[in-house]
Amino acid sequence: MRAPTLTFAALLAIATAASAQQKSVHWEDLTAEDFTKALAESRNTCALPFGIIEKHGPSGPLGTDLLNVRYTSELAAKQEYTILFPAYYFGQIFEARHQPGTLAYSTKLQLDLLQETVSEMSRNGCKKVIIINGHGGNNALLNYFIQVQLDSPKDYIVYVVSGVSSASGQSPAAAPSKPGVDGHAGEGEVSNIMAHRPELAHPERAAEESGKNLRRLDLPQGVTTGISWYSMYPNHYAGDAAGSTAARGKAATEAAGAGIAAAIRAIKSDTVGPRLQAEFFEAAKHPNDTKQ
Ligand SMILES: [Zn+2]
Numbered sequence: 110m111r112a113p114t115l116t117f118a119a120l121l122a123i124a125t126a127a128s129a130q131q132k133s134v135h136w137e138d139l140t141a142e143d144f145t146k147a148l149a150e151s152r153n154t155c156a157l158p159f160g161i162i163e164k165h166g167p168s169g170p171l172g173t174d175l176l177n178v179r180y181t182s183e184l185a186a187k188q189e190y191t192i193l194f195p196a197y198y199f200g201q202i203f204e205a206r207h208q209p210g211t212l213a214y215s216t217k218l219q220l221d222l223l224q225e226t227v228s229e230m231s232r233n234g235c236k237k238v239i240i241i242n243g244h245g246g247n248n249a250l251l252n253y254f255i256q257v258q259l260d261s262p263k264d265y266i267v268y269v270v271s272g273v274s275s276a277s278g279q280s281p282a283a284a285p286s287k288p289g290v291d292g293h294a295g296e297g298e299v300s301n302i303m304a305h306r307p308e309l310a311h312p313e314r315a316a317e318e319s320g321k322n323l324r325r326l327d328l329p330q331g332v333t334t335g336i337s338w339y340s341m342y343p344n345h346y347a348g349d350a351a352g353s354t355a356a357r358g359k360a361a362t363e364a365a366g367a368g369i370a371a372a373i374r375a376i377k378s379d380t381v382g383p384r385l386q387a388e389f390f391e392a393a394k395h396p397n398d399t400k401q
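Every number in this note's numbering is 109 more than the matching position in the sequence shown, counting from 1.
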């Protein structure tokens, strides 16, 4: 009997699948030798999925944001290869310090640790560092952090990708069951957990606490203060997780993964950002030579 022959395309597909299987997207899974190969494949990009450890109402685990951002980043990195930094959750979460299990590092440490982390990533060859934010409370920190990257010359560039982990609306299957269910620890975030770690989600406990906005602070629009969030949501729960489903989470996380993959692709091919940053750092050494 003749052995079955494989077409070139089939052989190529098998070889591609085998090499994809061999190379993990996770920094900590790679050998040192494979890490250098992974850098070539990622075109010297590396991503830092940025989560937090905080209460997620009565239904979500403390690591909801960390687990969800790592999951969507993994979906993305498998579509558009990049190296994912190990679990990172040293962000801004002072507003939940009154709740069990919250890890709130000091302001100075948040900034120093993040700066040293991206610097170490760069020293290891990650010349484009992509911070993928999975926690709303990190927005304030990251807005400041990204701006202060210009304080001194760097041979790497940092990008922040935010807003892609809440992908509701991008796909009809990811849409909320009704208005007002999608706040912190609500239907969206808990559905996302159910898509990949269903054993950690407890939507049946959603009504044990209120996720309603208590509107206890009456200030004009445009005026805010640090205690604003607590004045609205003292249970650190905004919305309603009762209608969470794995199907919705699957649609939302897949949409988020595709959005992050598109961002990684655009960052890989960005040549303008690095060129302008280098030009700026050089000009900033002698500002009086800048043409007026
Ligand atoms: Zn969250």
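Think of the CB as a built atom: it goes at the ideal place given N, C-alpha and C, for glycine as much as any other residue. Treat the numbers as computed from the prediction; the structure is a model and nothing was measured.
Determine, using beta carbons only, whether residue i and residue j come nearer to each other than 8 angstroms.
i: threonine 191; j: threonine 140; result: no
i: tyrosine 180; j: phenylalanine 199; result: no
i: lysine 164; j: alanine 196; result: no
i: aspartate 174; j: glycine 243; result: yes
i: isoleucine 255; j: threonine 211; result: no
i: aspartate 349; j: alanine 315; result: yes
i: serine 168; j: proline 285; result: no
i: serine 337; j: leucine 326; result: yes
i: histidine 293; j: glycine 245; result: yes
i: leucine 389; j: leucine 259; result: Residue 389 is actually phenylalanine in this sequence, not leucine. Yes.
i: glycine 234; j: leucine 148; result: yes
i: glutamate 363; j: leucine 184; result: yes
i: serine 280; j: alanine 360; result: yes
Between residue i and residue j, how many whole angstroms is the CB-CB distance? I'm expecting something under 8 angstroms.
i: lysine 237; j: isoleucine 266; result: 6 angstroms
i: leucine 270; j: isoleucine 369; result: In the sequence under discussion, the amino acid at residue 270 is valine, which differs from the leucine named in the question. Rounded, the Cβ-Cβ distance is 6 angstroms, consistent with contact.
i: histidine 305; j: glycine 166; result: Actually they are not in contact, since the Cβ atoms of histidine 305 and glycine 166 sit about 19 angstroms apart, beyond 8 angstroms.
i: alanine 310; j: arginine 357; result: No, alanine 310 and arginine 357 are not in contact; Cβ-Cβ is about 12 angstroms, not under 8 angstroms.
i: glutamine 188; j: glycine 366; result: 7 angstroms
i: glycine 160; j: valine 134; result: 16 angstroms between Cβ atoms; not a contact.
Under the DSSP definition of a beta bridge, which residues are partnered with residue i?
i: asparagine 242; result: Phe159
i: tyrosine 197; result: Phe159
i: threonine 154; result: Lys237
i: histidine 395; result: Answer is none; histidine 395 lacks a bridge partner.
i: isoleucine 416; result: There is simply no residue 416 to check, as the chain begins at 110 and stops at 401 in what is shown.
i: isoleucine 192; result: Cys155
i: proline 167; result: His165
i: histidine 207; result: Note: histidine 207 sits in no beta bridge, so no partner.
i: histidine 135; result: Leu193
Suppose the cutoff is 7 angstroms on Cβ atoms and the five residues either side in sequence are ignored; what does the same chain contact list for residue i look like?
i: threonine 354; result: Ser300, Met303
i: leucine 220; result: Phe254
i: serine 182; result: Ala156, Pro158, Leu193, Ile241, Ile369
i: serine 261; result: none
i: glycine 295; result: Gly320, Ala347, Gly348, Asp349, Ala350
i: aspartate 402; result: In the structure as shown, the chain starts at 110 and stops at 401, and residue 402 therefore has no counterpart that could be examined.
i: glutamine 386; result: Ile266
i: alanine 129; result: Residue placement at alanine 129 is flagged as unreliable, the pLDDT there being 49, under the threshold of 50; the coordinate-derived value follows with that caveat. Correct list: empty, nothing qualifies.
i: arginine 324; result: Met341
i: tyrosine 339; result: Glu204
In chain order, what residues of the same chain lie with their CB nearer than 6 angstroms to the CB of residue i, ignoring the 5 residues before and after it?
i: lysine 377; result: Arg152, Thr154
i: threonine 399; result: Ala392
i: asparagine 322; result: Met341
i: phenylalanine 144; result: none
i: tyrosine 268; result: Ile239, Ile376
i: valine 227; result: Val238, Val267
i: glutamate 317; result: Pro167
i: glycine 382; result: Ile266
i: glutamate 150; result: Tyr190
So, for residue i: in the same chain, excluding its five sequence neighbours on each side, which residues have a beta-carbon less than 8 angstroms away from its beta-carbon?
i: proline 170; result: Leu176, Ile302, Arg306, Leu309, Ala310
i: arginine 111; result: Low per-residue confidence applies at arginine 111: pLDDT is 48, beneath 50, and the placement is therefore not dependable, though the value from the model is reported in the following sentence. Nothing meets the Cβ criterion.
i: asparagine 397; result: none
i: asparagine 248; result: Asn242, Ser271
i: glutamine 224; result: Phe254
i: proline 209; result: Lys164
i: methionine 230; result: Cys155, Leu157, Phe194, Val238, Tyr265
Please indicate yes or no: does the CB of residue i lie closer than 7 angstroms to some heavy atom of ligand 2?
i: alanine 294; result: The model depicted lacks ligand 2 and carries ligand 1 instead.
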